[in-house]
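Asks:
Protein chains: 2
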Amino acid sequence: MKISTRTEYGVRVLVTLARRGAEGPLSLTGIAKAEKLPHAYLEQLVGDLRRAGLLTATRGQAGGYQLSRAPEEIQLAEIVRALEGPLLEMPCAGPDNLESCDRPQPCSVHELFQRVYEALDGTLTATTLADVAATAGGPPYPPSVRRRAAEQHAVMVAANNKQTNRAVSVQEQA
Amino acid sequence: MKISTRTEYGVRVLVTLARRGAEGPLSLTGIAKAEKLPHAYLEQLVGDLRRAGLLTATRGQAGGYQLSRAPEEIQLAEIVRALEGPLLEMPCAGPDNLESCDRPQPCSVHELFQRVYEALDGTLTATTLADVAATAGGPPYPPSVRRRAAEQHAVMVAANNKQTNRAVSVQEQA
DNA sequence: GCCAACACCGACCAAATCAGTCGGGATTCA
DNA sequence: TGAATCCCGACTGATTTGGTCGGTGTTGGC
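These protein sequence lines are chains A and B, in that order. For reference, each letter of the first sequence is one residue, going 983 to 1156 in my numbering. For reference, each letter of the second sequence is one residue, going 983 to 1156 in my numbering.
Next up, the structure:
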């Protein structure tokens, strides 16, 4: 499973807005420059976020974007849904056509995906934009925190690689 | 986020093998017919599952595939990794190139994805093939179970559609 | 010894999705 | 008027997805 750049960029935009607080709108050009993201591409994402009611735009000179709610009130699940559509799309019986699965109900795969969906939805609903913004990478972080985060990340990467490497080595043995 | 047909098909194949028990190998042609899946495509997936050590093949006439371990010993996380690679791929600092993220560590998006990864890995590691096979859609299920599963599924679908629909209605108001 | 049934493998292919770019509007303020 | 901004649809090249096709290797049965 993959998380697209849409989500990454979208979250970054919202995080920068959340950190700025309510000091008036922030232009997309400014955000794009600060975060080193492609401006034209961001326009699309930000349009989706606006249509989902997560941020409001003010036009004209000195215009820009603001969060339409407090960061504590914005669940990550909303952001991901706005940017990527359904949290989890199942191949058999997609969300839009429930009847498309002609297999016997309850279907084993349905139940499995239900569990995965709940795990995903649970964490993304429990996490708010404020949580993410609070974690975030402004300069003033004690080295201990940085080290711990790096370690966590390494563990995650290792876990991801484990199965892949095993498959490769099995292949090489033959 | 989307679950590919690879995973769906792969799980179905393994579930049918798990239900069959240790009664000798089952031919892919048989599985494909029973599950109504494209045989030629399955060959690819099954090759990955074999290389990952999840099932063993016997060639020649009356050959086929068997689970190489008991269904209780096979975690869903292994299956998904064998079929789709890393459980969760992050855009910034992908699993194969840790240093690709030049943003300040700890980066807010890293931490967020870490949480999502843990949720995903947790449920997929906790679930075994035996669990999924036990749930599964043989005919003899009491109506109460079928009803409850259908309701769960409907809730999931509704939750998925909610945000999308809201966005649409907001758009229509303008 | 041959044939049928199976696993195995690489190449190929059409359609969809991703990650953007481009060009042109519409609004607002100075 | 003009600059800065949001807004929108069309386009594009690369990659991924979901397969198909043709051929090879292996095994048991007649």
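Just so it is clear, CB atoms sit at the ideal spot from N, CA and C, and this is done for glycine as well.
(1) Can you round the beta-carbon distance between ASP1030(A) and ALA1064(A) to whole angstroms, since I take them to be within the 8 angstroms contact cut?
(2) Using 8 angstroms for Cβ pairs, my map puts PRO1053(B) next to LEU1106(B). What's the rounded Cβ distance?
(3) Between the segment 1038–1051 of chain A and chain B, which residues of the former have a C-beta closer than 8 angstroms to a C-beta of the latter?
(4) Can you grab the Cα-Cα spacing for the pair THR1011(B) / GLN1048(B), in whole Å?
(5) When the Cα atoms are used, what is the spatial distance from THR987(B) to HIS1092(B)?
(6) Could you check whether the Cβ of ILE1013(A) sits closer than 8 angstroms to any Cβ belonging to chain B?
(7) ALA1039(A) lies in the beta strand (DSSP E); which residues open and close that run?
(8) Using a Cβ-Cβ cut-off of 8 angstroms, state whether LEU1094(B) counts as contacting chain A.
(9) Excluding the five sequence neighbours on either side, which residues of its own chain have a C-beta within less than 6 angstroms of the C-beta of LEU996(A), listed in chain order?
(10) Using the rule of at least 16 other Cβ atoms within 10 Å of the residue's Cβ for burial, across every protein chain shown, is GLU1005(B) buried or exposed?
(11) Can you list, in chain order, the residues of its chain with a C-beta nearer than 8 angstroms to that of GLY1045(B)? Leave out the 5 residues immediately preceding and following it.
(12) Starting from GLN1026(B), trace the alpha helix (DSSP H) in both directions and tell me its first and last residue.
(13) Going by DSSP in three states, GLY1119(A) sits in which element: helix, strand or coil?
(14) So, ILE1061(B) versus VAL993(B), is the Cβ gap smaller than 8 angstroms?
(15) Can you confirm whether GLN1155(A), when its beta carbon is compared against all beta carbons of chain B, has any partner nearer than 8 angstroms?
(16) Whole-angstrom Cβ separation of LEU1069(A) and TYR1099(A), contact assumed at under 8 angstroms?
(17) Give me the Cα-Cα distance between GLU1066(B) and THR989(B), rounded to the nearest whole angstrom.
(18) Which one of GLY1003(A), THR998(A), ARG1033(A) and ARG1032(A) has the shortest CA to CA distance from GLU1157(A)?
Replies: Reading off the structure:
(1) 5 angstroms
(2) Not a contact, Cβ separation roughly 15 angstroms.
(3) none
(4) 14 angstroms
(5) 28 angstroms
(6) no
(7) 1037–1040
(8) yes
(9) LEU1111
(10) exposed
(11) PRO1007, SER1009 and ALA1039
(12) 1021–1033
(13) Annotation note: pLDDT 48 at GLY1119(A) (below 50); position unreliable, no value reported.
(14) yes
(15) With a pLDDT of only 38 at GLN1155(A), under 50, the local geometry of the prediction cannot be trusted, and no value is derived from it.
(16) 6 angstroms
(17) 7 angstroms
(18) Outside the modelled stretch of chain A, which goes from 983 to 1156, sits residue 1157(A), for which no answer is possible.
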